Amino acid sequence: IIAAGKQDNGAKWTGAVPEPREIVFKLNDRVKDCIKKAEDNFDKLVQGHDLATLSFDGYGKELIKKFKVSPDSYVQMLMQLAYFRMHNKLGPCYESTQVRKFQQGRTEVTRSVSIEAAEFVRSFDDVSVSDEQKASLLRKAVASHSAYMGEAADGQGVDRHLFGLKRCLKSGEEVPAIYQDPSFSLSSHWVLSTSSLNSKHISGWGYGEVVTDGFGLSYSVSDNNLFWMITTLRGGDKQMGNKNRSEVMKSHLEEAAKDMRELMEKLLPLETPKAKL
């Protein structure tokens, strides 16, 4: 078709604006050298990272909704459980939240770590805690996360507010104590940088980690699928040496997804068969 010139490229342009034309850049040796260096630096950066993807077909938001919880908040608790099993502690988690309801609004942070989240992940593998208690703790953690996200979307988050106040400091002005507190720095060391994008037209997407020992966790929650793209800096966590942390996290995410489904599904009320007319 192409060789015969029979492909349909649409009607010929008839608008008043000139037709687009290719811009041919004239590059001297210095510019070419800079481009080569940029390419080399990019390749070096890529080679220093590990990437893994998990397309989990075990279930998705259709089943999660039957658990009477928010699918996004459920997945956030799933990621906390995976990280806890991997490191035996909770991980400060940044979830990007849109505030575009406001003029020039962009994002706020939903902090996924909470007292309720901590109680849930610490109880999950505790054999002395009943399944009913674990499910109750999950629902409380999900409710807490959903409430925080709602407040963040309404411009009531803390991170952009504190960032704005800090940017107002003048040169030489004393930095307020809160910004020097170790707990403030620790709580903003985003070892889990998360963001979701849910569209049937996008099969995969992602970004890098934001701290050396952290994870970039982009995810999608479809009707019957959970998807993650996991990125880590190779050797970024000294305690784990040269292990491929992206693959380790992938394994924990998959196990957490299975275990949480098993817990919640066994507590679902039995569906009453519909009477035949």
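Residues in the sequence shown are numbered consecutively from -13, following our numbering.
Cβ atoms here follow ideal geometry from the backbone N, Cα and C, with glycine treated the same way.
Note that the structure is a prediction, hence the values are computed from the model and not measured.
Legend entry - Proximity of R92 and V85 at Cβ, strictly below 8 Å: For the purposes of this step, residue 92 is taken as the residue at position 106 of the sequence shown. For the purposes of this step, residue 85 is taken as the residue at position 99 of the sequence shown. For R92 and V85, yes; Cβs fall inside 8 Å.
Inset, instruction - For the stretch 24 to 100, list the alpha helix (DSSP H) runs that are entirely contained and at least 4 residues long, ordered along the chain. - result: 47 to 52, 57 to 73
Inset, instruction - State the Cα-Cα distance for the pair D19 and K30, rounded to the nearest angstrom. - result: Translated into the one-based positions of the sequence shown, residue 19 becomes position 33. Translated into the one-based positions of the sequence shown, residue 30 becomes position 44. Their backbone Cα atoms lie some 17 Å apart in a straight line.
Legend entry - Residues near L253 by beta carbon distance below 8 Å, same chain, minus five either side: Within the sequence shown, the letter at position 267 stands for residue 253. So the qualifying residues of the chain are D117, E118, A121.
Inset, instruction - Reducing DSSP to helix, strand and coil, say where Y134 ends up. - result: One-based indexing of the sequence shown puts residue 134 at position 148. Three-state result, Y134: helix.
Legend entry - Inside the stretch 131 to 203 only - beta strand (DSSP E) runs reaching at least 3 residues: 178 to 182
Inset, instruction - Starting from L239, trace the alpha helix (DSSP H) both ways and give me its first and last residue. - result: The residue you call residue 239 lines up with position 253 of the sequence shown. Element bounds for L239: 231 to 252.
Inset, instruction - Classify F106 as helix, strand or coil using the three-state DSSP reduction. - result: Your numbering for residue 106 matches position 120 in the sequence shown. DSSP places F106 in helix when its eight states are reduced to three.
Legend entry - Beta-bridge pairing of M215 - partner residues as DSSP gives them: The residue given as residue 215 occupies position 229 in the sequence shown. Answer is T39, S204, bridged to M215.
Inset, instruction - Have a look at S157, L148, W176, V177 and flag the residue whose alpha-carbon is nearest the alpha-carbon of A163. - result: Start at 1 with the first residue of the sequence shown, and residue 163 comes out as number 177. Taking only the C-alpha atoms, the option nearest A163 is L148.
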